[in-house]
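Heads up, the sequence shown is in the working numbering, so the first residue is 4 and it goes up one at a time.
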Amino acid sequence: MQIWCKPAYEMLECHPDWAPSLHLGHTEVKAAHPERFSRRTKRQQGLKQNTAAPVTSPALPDLKLEIDEDVPLVKDEPPDEDVPLVKDEPPDEDGPPDEDGPPDEVSQRLQMDEPAPKYDLVEQQECSFCNCRRAEINRLLEENRLLKEELSQKTMSENFLGDDDKKVKYYTGLPCFAFLMGVLAQLLPCLPQTRRKLSPFQMLFLTLMRLRLNLPIQHIAHLFCIDQKTVSTVFRVTLGAMFTHLSPLVHWPERHCLKGSMLQQFVEAFGNHVAVIVDCFEINAERASNQKAIAQTSSQKHTLKYLIGITPRGAIAFVSKGWGGGVSVKDVIECSGLLDKLLPGDLVLVDRGFDTGDNVGLMCAEVKKQKLVPKDEEETRKIAHLRVHLKRVIGCVRTKYTMLSEAVPVSMRAPCEDEDMTFLDKVVTVCCALTNMCPSVMKL
Numbered sequence: 004m005q006i007w008c009k010p011a012y013e014m015l016e017c018h019p020d021w022a023p024s025l026h027l028g029h030t031e032v033k034a035a036h037p038e039r040f041s042r043r044t045k046r047q048q049g050l051k052q053n054t055a056a057p058v059t060s061p062a063l064p065d066l067k068l069e070i071d072e073d074v075p076l077v078k079d080e081p082p083d084e085d086v087p088l089v090k091d092e093p094p095d096e097d098g099p100p101d102e103d104g105p106p107d108e109v110s111q112r113l114q115m116d117e118p119a120p121k122y123d124l125v126e127q128q129e130c131s132f133c134n135c136r137r138a139e140i141n142r143l144l145e146e147n148r149l150l151k152e153e154l155s156q157k158t159m160s161e162n163f164l165g166d167d168d169k170k171v172k173y174y175t176g177l178p179c180f181a182f183l184m185g186v187l188a189q190l191l192p193c194l195p196q197t198r199r200k201l202s203p204f205q206m207l208f209l210t211l212m213r214l215r216l217n218l219p220i221q222h223i224a225h226l227f228c229i230d231q232k233t234v235s236t237v238f239r240v241t242l243g244a245m246f247t248h249l250s251p252l253v254h255w256p257e258r259h260c261l262k263g264s265m266l267q268q269f270v271e272a273f274g275n276h277v278a279v280i281v282d283c284f285e286i287n288a289e290r291a292s293n294q295k296a297i298a299q300t301s302s303q304k305h306t307l308k309y310l311i312g313i314t315p316r317g318a319i320a321f322v323s324k325g326w327g328g329g330v331s332v333k334d335v336i337e338c339s340g341l342l343d344k345l346l347p348g349d350l351v352l353v354d355r356g357f358d359t360g361d362n363v364g365l366m367c368a369e370v371k372k373q374k375l376v377p378k379d380e381e382e383t384r385k386i387a388h389l390r391v392h393l394k395r396v397i398g399c400v401r402t403k404y405t406m407l408s409e410a411v412p413v414s415m416r417a418p419c420e421d422e423d424m425t426f427l428d429k430v431v432t433v434c435c436a437l438t439n440m441c442p443s444v445m446k447l
């Protein structure tokens, strides 16, 4: 075997000294034979000479062929051991060219450097490698998608609630997810559009959770991965927007609408007169820590008293401002403006006495000249069966939004800037509006 001592030309891939630079170690290619390369080169050179010679050749003289019997035939000559027989080689690769075929096809067939099966094997290995990589990439993408989906379900966002109405009712008090998205659509124009840590949905969700569950600020900060100051700011900004858009839901209906919505039990008891159920409750406030706050929130009992008027159907139609804890219920009713919406002869029902004494039970008072005149015991006993209806609506706001049932920070009692109401007044109004969005507790 003859090997040259220098690299072959880079395009001669069949040369024994040709050094490959691609797919090193990834294929099993047998080493080229020097004699095989020499024969291939001679054939190609002979092909070039034959194609360059003229097609017609001069006439040759007649020759008489005589066979010398002393000279052995070529077939009896033993083959050279170093040179492989031609019959062992594939006729497609090293066989003599077909003289009958076109010269272009013969030259193209001879110029093929390597047999096709070798390249098919390389392509198959490359395709197998690409398929493995593609399968691994697809597996990682699917794993990433599942992890993102799992993370979004644990993040306080839309995916956390999804279409689970039970979750929506527990965390927000609203009946379903569609109501929640409807409230969000109304609030979007009023929410700040600057760069923020929370999305508009998360701002609304945070505010409703604070009203509904009365969670501590530190707890909410951990849930939404923000600091406590941001929680307070988001709560105030979002609740201000909710007050602007939702306060019209608490309105006094027209008189004919109010009379038309009276339950049959109230019509039988009061005839054509309008009856309003009153719920008066107190909200405790934390004590102020400095003198300025004490001066702004001074009160005898450190409580604020609120009065809400409820129609017999259970809709909240009136909300008063906060009054000091020392004011009686009767004074709150007469001074809150509720009587301005009633006519003489209409009735006001309350589940406890108008004074701060020991009077308990159903009380009924008639409106006379902007004052309340309590009914006597005999007349009150006739409508005692209506107390079960009062109990359904009284306290429903504080039951649904527990923030009104516990002590609130003293900062909520301070008057809002350039407004004739406190931040706690806005909180109570928003809770009443949200309650009106829910199905009525009174059975039709």
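From the three backbone atoms N, C-alpha and C, an ideal C-beta is built for every residue, glycine too.
Pull up the DSSP beta-bridge partners for Thr-247, would you.
Thr-247 is not bridged to any residue.
Please report the distance separating the alpha-carbon of Pro-10 from that of Leu-149.
55 Å
What number of angstroms, rounded off, separates the C-alpha of Val-171 from the C-alpha of Lys-403?
13 Å
To the nearest angstrom, how far is it from the Cα of Gln-205 to the Cα of Phe-246?
18 Å
Per-residue DSSP class, three states only, for Glu-102
In this prediction, Glu-102 has a pLDDT of 46, which is less than 50 and means its spatial position is unreliable; what the coordinates show is noted afterwards. Looking at Glu-102 - three-state DSSP - the assignment turns out to be coil, as it is neither helix nor strand.
Leaving aside the five residues before and after Asn-287 along the sequence, list all residues of the same chain whose C-beta is less than 6 Å from its C-beta, in chain order.
Thr-306, Ala-410
From the DSSP output, in three-state form, read off Lys-308 for me.
strand
Closest by C-alpha distance to Glu-289, when choosing among Val-396, Val-186, Gly-165, Ala-417
Ala-417
So what does DSSP say about Cys-283, is it helix, strand or coil?
strand
Note down, in chain order, each residue of its chain lying with its Cβ closer than 7 Å to the Cβ of Thr-2, except the 5 sequence neighbours on either side.
A query on residue 2 cannot be resolved here, the shown segment of the chain reaching from 4 to 447 and no further.
Confirm, please, whether the CB-CB distance from Val-253 to Phe-322 is below 8 Å.
In the sequence under discussion, the amino acid at residue 322 is Val, which differs from the Phe named in the question. Cβ atoms of Val-322 and Val-253: closer than 8 Å.
Quick check on the DSSP output: the alpha helix (DSSP H) that includes Ile-223 runs from which residue to which?
220–227
Span of the beta strand (DSSP E) holding Ala-320?
319–322
Since Ile-313 sits in a beta bridge, which residues does DSSP pair it with?
Ile-280, Ile-319
Segment limits, alpha helix (DSSP H) that includes Arg-258
258–263
Could you have a look at Thr-438 and say whether DSSP puts it in helix, strand or coil?
helix
Could you check the C-alpha separation between Ala-224 and Gln-196 for me, to the nearest Å?
21 Å
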